[in-house]
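For the record, the sequence lines run as chains R and C. Note that our numbering has the first sequence beginning at 1, numbered continuously upward. Note that our numbering has the second sequence beginning at 1, numbered continuously upward. Following: one structure in structure tokens, then a few remarks.
Number of protein chains: 2
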Amino acid sequence: MEELTDRQKILLTLITHEHINSAQPVGSKMLVERYNVGLSSATVRNEMAELTELGYLRQPHTSAGRVPTEKGYRFFVGRLVNEREIPLSTRRTITHQFYQMRNDVEQWVKLAGSILADQSKAASLITAPHPTLARLKHVEFIATRGRQVLMVLVLMGGEIRQSIQTLSEYVGQDRLSQIANQIIDNYQGFDLDKINHHKGVDNNLENDLIDWVITELQRADSLVSGELFLDGITNVMAEPEFNDSEEARKTLKVLGERSMLQDVIARSIQNGDEGSVQVLIGGDGAWEELKHCSIVLSKYGAPGVAFGTVGVLGPVRMPYGQTISAVRFMSGILSDLVSETLYDDQYKSS
Amino acid sequence: MEELTDRQKILLTLITHEHINSAQPVGSKMLVERYNVGLSSATVRNEMAELTELGYLRQPHTSAGRVPTEKGYRFFVGRLVNEREIPLSTRRTITHQFYQMRNDVEQWVKLAGSILADQSKAASLITAPHPTLARLKHVEFIATRGRQVLMVLVLMGGEIRQSIQTLSEYVGQDRLSQIANQIIDNYQGFDLDKINHHKGVDNNLENDLIDWVITELQRADSLVSGELFLDGITNVMAEPEFNDSEEARKTLKVLGERSMLQDVIARSIQNGDEGSVQVLIGGDGAWEELKHCSIVLSKYGAPGVAFGTVGVLGPVRMPYGQTISAVRFMSGILSDLVSETLYDDQYKSS
DNA sequence: GTTAGCACTCTAAAAGCGAGAGTGCTAATT
DNA sequence: AATTAGCACTCTCGCTTTTAGAGTGCTAAC
Chain R
1 MEELTDRQKI LLTLITHEHI NSAQPVGSKM LVERYNVGLS SATVRNEMAE
51 LTELGYLRQP HTSAGRVPTE KGYRFFVGRL VNEREIPLST RRTITHQFYQ
101 MRNDVEQWVK LAGSILADQS KAASLITAPH PTLARLKHVE FIATRGRQVL
151 MVLVLMGGEI RQSIQTLSEY VGQDRLSQIA NQIIDNYQGF DLDKINHHKG
201 VDNNLENDLI DWVITELQRA DSLVSGELFL DGITNVMAEP EFNDSEEARK
251 TLKVLGERSM LQDVIARSIQ NGDEGSVQVL IGGDGAWEEL KHCSIVLSKY
301 GAPGVAFGTV GVLGPVRMPY GQTISAVRFM SGILSDLVSE TLYDDQYKSS
Chain C
1 MEELTDRQKI LLTLITHEHI NSAQPVGSKM LVERYNVGLS SATVRNEMAE
51 LTELGYLRQP HTSAGRVPTE KGYRFFVGRL VNEREIPLST RRTITHQFYQ
101 MRNDVEQWVK LAGSILADQS KAASLITAPH PTLARLKHVE FIATRGRQVL
151 MVLVLMGGEI RQSIQTLSEY VGQDRLSQIA NQIIDNYQGF DLDKINHHKG
201 VDNNLENDLI DWVITELQRA DSLVSGELFL DGITNVMAEP EFNDSEEARK
251 TLKVLGERSM LQDVIARSIQ NGDEGSVQVL IGGDGAWEEL KHCSIVLSKY
301 GAPGVAFGTV GVLGPVRMPY GQTISAVRFM SGILSDLVSE TLYDDQYKSS
């Protein structure tokens, strides 16, 4: 499969690099002038022709320079090692900011999104950490009006879920509170299977409420990820590839309806390990609407406890080196924070 | 001030109307052909010249048709009476959808946003209903790790607020729950002044927690509006005035950072009454970034209890009649829903 | 295997050009 | 005095034409 000579590899890398910076098709002459390849433009041309043959490059039109194809980009990204690290001072400043706002998960996520969007000059996508397995920490039933009751359910890890239901008969607040306390006493730290297993059928009402809790735990488990936060959308729109308003609108639509992004992220969560960075180039064939976009994603969190995703969406022509290290760095920070916060919960319940 | 003749008023209205539909400068000849004005194009030209003099119209360049100025639009909107009503059948369908999802406020708001964006073919902005005066309904303190405690505060009306704090000493969950119950017993339905007034200094810890509740109530009161939801951003970007990608980006930026919209909405809340629809044309001089946008806003809610805002953002060249009635309609629905849901709370506490 | 040279291609930007829509003014008409 | 027909003038828009330049592929020489 890989029949590229070393020289071809170098040239392909150079061309891709140059194109990422200039946003223009790269010509042979240009290349030998700018970089000191020890070759003439004619030789480069020959190699280019072959790389085009092999599907790594393409020409927007005859007699224009070359542009990497998706395959070309993939090769480029695969070879990336010299990730341009974020300077230590910057890293320190950023880390510091996070530790300023101890323990407000939503704040963390928003901050991470804002920093990442800024660093990468693209759009950031981050999902809040979400427990691997929803486990009861606290529950409260609050009578609202008539037979209607609001349930506030706190999961291990701090995620709060609320839900409204109408009971079949009126129940006073006192009784509701009493049952809530009972449920907490009996089932704190339990996941839904465990609750199901230990459940003794005491009382009709109590049973209904426990079932309600179980349903909500189920719903939490069925969600693959926490809430999705976007930032820096305008950064992406500033890129020259989105000068065409039609393209811009399409991409904007993708960013607007979260559902497709959720899909992408879901797949990433299934495949990836914490810390590893995945790169999705041009929608990878699967997502037509993301043809002109690339996504750099990483899973973060505490193994076995909770995780989320952190990523960047930009044009296919994206400074992958920079972006990857930015994402990796952010993933690390968030993993640390989440681990520190959540391990206690984990141990407490075991 | 108003020295417009009847004929000028009619012409100005016609020109504005035509421009809104065609998105093109309107010429004199065009106008007399399309609408049966009983006048010649020359006469119309004279009138146009005068309207331009008076600041209601302008020419994009010499020898082009006329386009309404902001002043022109304002006049047009002020005279609007023949609001194109939404057909009864549609109204029924929409109303029905809302009553399907009884009592989930967030769902309502999202649904309203989606419908409004769709109806108006522009972006919708809706804030969740927010109590006029935050009053305690329920509170819960949950020990998380070490001395750290999570407070879940439920306000009258159902808004849930959470906050994290580190206490000065470790306190067990039992004690926390006990104090929470005590606070609920003593202060349910009270606003922060009332709590302050009745507060007896029993105990150091208890006192701290009550103060925490008060702080959070204060924070809730200081917020002028509930969470802001946007929908249909792509609708706006599809309009021809945003074909220029620079303009598009500016507007997108405004929609992206919520802060400016919050400002606009805050002002609208202060000025407006429930049900009345306000129209903000071209940023009304105050907001440079909204130069090319208009916002149609209405306050909704239950008087004295809670309110939010519902609105539409689109280009200055916007079908105001349609939009205004769509917004008014939605405002009405939401007001009804909120009133039905919240009045009970109101009465219960008095 | 490499490179200089060259003819050729294609685009993007500039320049040129006519059609058409619209204006403002003047003089005639009502 | 208001209206309108007529007309010269202006400007944009869309079209083709031109030109400059960058880039290519090929061939022949190194």
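From the three backbone atoms N, C-alpha and C, an ideal C-beta is built for every residue, glycine too.
- With 16 or more other Cβ atoms from the protein chains shown falling within 10 Å of its own Cβ, Gly226(C) counts as buried.
- Taking the Cβ atoms as the reference, Ile333(C) lies roughly 16 Å from Leu297(C), outside the contact range of under 8 Å.
- Our two residues, Leu153(R) and Leu80(R), have alpha carbons roughly 45 Å apart in a direct line.
- Against chain R, a Cβ distance below 7 Å from Asn186(C) picks out nothing, because the smallest value is about 14 Å.
- For Leu228(C), DSSP records a beta bridge to Thr127(C).
- A Cβ-Cβ distance of about 13 Å is found for the pair Ile295(R) and Arg74(R), leaving them out of contact under the 8 Å criterion.
- From the beta-carbon of Glu169(C), no residue of chain R is found nearer than 7 Å; the closest lies around 18 Å away.
- According to DSSP, Val139(R) shares a beta bridge with Leu153(R).
- Beyond the five residues adjoining it in sequence on each side, Lys29(R) comes within less than 7 Å, by CB distance, of Ser41 in the same chain, given in chain order.
- Judged by DSSP in its simplified three-state form, Lys299(R) adopts strand.
- Per DSSP, reduced to three states, the secondary structure at Leu280(R) is strand.
- In summary, the residues of the region 126-155 of chain C whose CB is separated from some CB of chain R by less than 9 Å are Lys137, His138, Glu140, Ile142, Thr144, Arg145, Gly146, Gln148, Leu150, Val152, Val154, in the order they occur in the chain.
- Looking at the DSSP output, Asp221(R) shares a beta bridge with no other residue.
- Against Leu252(C), the close residues of chain R are Ile233, Thr234, Met237, Leu252, in the order they occur along the chain (beta-carbon pairs closer than 8 Å).
- Secondary structure note for Leu80(C): it is in no beta strand (DSSP E), with a DSSP letter that is neither H nor E.
- Around the beta carbon of Tyr35(C), fewer than 16 other beta carbons lie within 10 angstroms, which makes this residue exposed.
- Looking at the DSSP output, Val171(R) bridges to nothing.
- In the DSSP annotation of this structure, the continuous segment of the beta strand (DSSP E) that includes Ala306(C) starts and ends at 306-315.
- Closest in alpha carbon position to Asn204(C), among Arg219(C), Leu150(C), Ile179(C), is Ile179(C).
- Under the three-state reduction of DSSP, Arg147(C) is assigned to coil, being neither helix nor strand.
- Beyond the five residues adjoining it in sequence on each side, Pro319(C) comes within less than 7 Å, by CB distance, of Ile20 in the same chain, given in chain order.
- Within its own chain, the residues whose Cβ lies closer than 8 Å to the Cβ of Ser335(C), once the five positions on either side in sequence are excluded, are Glu274, Gly275, Tyr300, Gly301, Ala302, listed in chain order.
- Assignment of Asp191(R) by DSSP, reduced to helix, strand and coil, places it in the strand class.
- Between Gly311(C) and Ala128(C), the gap from beta carbon to beta carbon reaches 8 Å or more.
- Val67(R) is bridged by DSSP to Arg58(R).
- The C-beta of Ile164(C) comes closer than 8 Å to at least one C-beta of chain R.
- For Glu3(C), the CB contacts under 8 Å within the same chain, skipping 5 residues up- and downstream, are Leu54 in chain order.
- The three-state reading of DSSP puts Gln182(C) in helix, counting H, G and I together.
- Pairing Phe229(R) with Val37(R), the inter-Cα distance amounts to about 44 Å.
- Ser245(C) belongs to the set of residues whose beta carbon lies under 8 Å from a beta carbon in chain R.
- Judged by DSSP in its simplified three-state form, Val37(C) adopts coil rather than helix or strand.
- In the displayed model, Gln162(C) falls within a strand according to three-state DSSP.
- Of all residues in the region 97-115 of chain C, only Asn103, Asp104 place a beta-carbon less than 7 Å from a beta-carbon of chain R.
- Measuring C-alpha to C-alpha distances from Glu241(R) to each of Leu290(R), Pro87(R), Ile210(R), Met151(R) identifies Leu290(R) as the nearest.
- A direct Cα-Cα distance of roughly 6 Å separates Gly113(R) from Ile126(R).
- Setting aside the 5 residues that flank it on each side, Asn196(R) is surrounded in the same chain by Ile214, each with a C-beta closer than 7 Å to its C-beta; the list follows chain order.
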